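See structure below.
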Amino acid sequence: MITVRRVLRAAGIALWGIVATWGGGSVAAGSEKQSDAAPAEERVLRIFNWADYIAPQLLEQFRARYGVRIEYSTYGSTEELFRAVLDNPGHHDIIVPTSYAVAQLRGKGMLATLDKSRIPNLRNLDPLFMSPTHDPGSRYCVAYLWSKLVVGYDKRRVSTPIRHWADLFDPRHRGRVALLADNRESIGIILLMLGYSPNTTNPVEIAKARDFLLDHRSHIHSFADDTVQDLLIAGEADIVLEWEGDMVTAEQKHPHLAHAVPAEGSLLVTDSLCIARGAPHKATAERFIDFILDGANGAVLSRETRYPTPNRAAQALMTPAERQRLGMTDEMRHRLFSLTDVGTNVAVLYDEAWSRILERPAHRQRGTP
Numbered sequence: 043m044i045t046v047r048r049v050l051r052a053a054g055i056a057l058w059g060i061v062a063t064w065g066g067g068s069v070a071a072g073s074e075k076q077s078d079a080a081p082a083e084e085r086v087l088r089i090f091n092w093a094d095y096i097a098p099q100l101l102e103q104f105r106a107r108y109g110v111r112i113e114y115s116t117y118g119s120t121e122e123l124f125r126a127v128l129d130n131p132g133h134h135d136i137i138v139p140t141s142y143a144v145a146q147l148r149g150k151g152m153l154a155t156l157d158k159s160r161i162p163n164l165r166n167l168d169p170l171f172m173s174p175t176h177d178p179g180s181r182y183c184v185a186y187l188w189s190k191l192v193v194g195y196d197k198r199r200v201s202t203p204i205r206h207w208a209d210l211f212d213p214r215h216r217g218r219v220a221l222l223a224d225n226r227e228s229i230g231i232i233l234l235m236l237g238y239s240p241n242t243t244n245p246v247e248i249a250k251a252r253d254f255l256l257d258h259r260s261h262i263h264s265f266a267d268d269t270v271q272d273l274l275i276a277g278e279a280d281i282v283l284e285w286e287g288d289m290v291t292a293e294q295k296h297p298h299l300a301h302a303v304p305a306e307g308s309l310l311v312t313d314s315l316c317i318a319r320g321a322p323h324k325a326t327a328e329r330f331i332d333f334i335l336d337g338a339n340g341a342v343l344s345r346e347t348r349y350p351t352p353n354r355a356a357q358a359l360m361t362p363a364e365r366q367r368l369g370m371t372d373e374m375r376h377r378l379f380s381l382t383d384v385g386t387n388v389a390v391l392y393d394e395a396w397s398r399i400l401e402r403p404a405h406r407q408r409g410t411p
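One gets the working numbering by counting positions in the sequence shown from 1 and adding 42 to each.
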């Protein structure tokens, strides 16, 4: 599968643009009039994002409009993001952490406070995504896209519909199930299956989820990054844990694939645009956030990535069918659970459980030598 990440890597990771001042044209719908050229000392923007999580044409439009060279790179797990931010302070401008990771980064002082005067399109956000629990007052981040975890599967090999999380561990699919290489997400769905909160702080419940995965390691083909849908496409797995937007994209090209949300519910994650502490191009980063929050740009982003948007102005530009597909129904709202920061002491329990799980020999971890 050709992904955005691979295209960017083929281009040498960085998107190089001509440094030129854009002027004279109209301002995008919903935008406030601002000086179009980036400050002379800030004609570079470094973006560190999830794979397959941008509309490339938006990067080109921003580059052309503001004369900014964009250096764009990707990561495949929250752990990879943490390592990069902690090991390279002052390198990245924009990062795109999940909701619980925002709280952890904020707690470690790794995020810069936003200058909202540079982000007038904040008014386009749905109030549901304003001042979230992981960032009270929206001081550090702005909602980018949201999604839910689903079970993706190959209909040619999975004859019985997926109705429960326990169906992932049907003996008929031993060794052909792939989970995500993220401790909170993969342990979280096991907690849901066992009837617990995915945000539990109870050591006994965390241990039970750990032990279940240890007991069922022979079922697991790999713990993959967020291109795990590639395993389905390649025929290496029958069932995978993946984000809905990536599965929808895969299903459009491969009609033998499908996805489901188990009856116990699933995980809802909001990814946010944040500026790393010490970002070398903070003003340009804030201008990019405002650019993404423009209604027309938000609609392009949601359509291209197949992920729902928190942008009301973008939703207003969509067809009823798009709003149904890229929105949240009342029924689904009661079956989705947001991951929250469990605190440093409990996070250690999740990390230790995850280390134990990865140490147990089974099938390979995808991407590991």
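Where a beta carbon is used, it is the ideal one built from N, C-alpha and C, also for glycine. In this text, all values refer to a predicted model and were calculated from it rather than measured experimentally.
Fewer than three Cβ pairs drawn from the region 124-133 and the region 156-171 lie within less than 8 angstroms of each other, which leaves the two stretches out of contact.
When DSSP states are grouped into helix, strand and coil, T326 belongs to the helix group. If only complete runs of 4 or more residues are kept, the region 281-360 shows the alpha helix (DSSP H) at 286-295, 324-335, 337-347 and 354-357, in order along the chain. Between the region 108-127 and the region 265-275, the count of Cβ pairs shorter than 8 angstroms is three or higher; the stretches touch.
In this structure S380 is not in contact with A185, their Cβ atoms being roughly 12 angstroms apart against a cut-off of 8 angstroms. Spanning the alpha carbons of A154 and S260 requires a straight line of approximately 43 angstroms. Taking C-alpha positions only, D336 is separated from L256 by approximately 46 angstroms. For R111, the pairing in a beta bridge is given by DSSP as V86.
Judged by DSSP in its simplified three-state form, V138 adopts coil rather than helix or strand. The residue among L234, P245 and L273 with its C-alpha nearest the C-alpha of R218 is L273. Relative to T386, the option among E122, A93 and K150 whose CA is nearest is K150. Contact check for I232 and F254: beta-carbon distance about 5 angstroms, within the 8 angstroms limit, so the pair qualifies. For W188, the enclosing beta strand (DSSP E) covers residues C183 to D196.
Membership of I262 in the beta strand (DSSP E) is indicated by the continuous run I262 to A266.
According to DSSP, V219 shares a beta bridge with I262 and I281. Looking at K158, R198, S189 and H176, the one whose alpha-carbon comes closest to that of H298 is R198.
Just measuring C-alpha positions, the residue of D288, H301 and D135 sitting nearest D280 is H301. When only Cα atoms are considered, I96 and V86 end up about 18 angstroms apart. By the criterion of at least three beta-carbon pairs nearer than 8 angstroms, the region 389-398 is not in contact with the region 186-205.
CA-to-CA, the gap between S159 and H376 works out to about 35 angstroms. Counting only residues of its own chain and dropping the five nearest sequence neighbours on each side, R398 has a CB closer than 8 angstroms to the CB of R252 and L256.
The C-beta separation of N339 from F330 comes to about 10 angstroms, leaving the pair out of contact by the 8 angstroms criterion.
In the structure shown, T243 adopts coil according to DSSP, grouped into three states. Spatial neighbours of A321 in its own chain (CB-CB distance under 7 angstroms, excluding positions within 5 residues in sequence) are listed in chain order as H134, D135, A154 and A327. A residue is called buried once 16 or more other Cβ atoms fall within 10 Å of its Cβ, and V282 is buried on that count.
For L378, the enclosing beta strand (DSSP E) has its first and last residue at L378 to S380. Taking 7 angstroms as the cut-off, the beta carbon of E306 is found closer than this to the beta carbon of W207. Counting only the Cα atoms, L156 lies some 7 angstroms from C183. Annotated three-state conformation of L167 is strand, per DSSP. R348 is positioned such that its CB atom lies no closer than 7 angstroms to that of M152. Between G194 and E284, the gap from beta carbon to beta carbon is short of 7 angstroms. Considering only L343, A363, R365 and P362, the residue with the shortest C-alpha distance to Q99 is L343. By alpha-carbon distance to E346, the top candidate from P304, D383, T312 and Q294 is Q294. In terms of Cα proximity to F124, the closest of L147, E102 and Y114 is L147. The secondary-structure analysis by DSSP pairs Y117 across a beta bridge with W92. Look at L153 here: in three-state DSSP terms it is strand.
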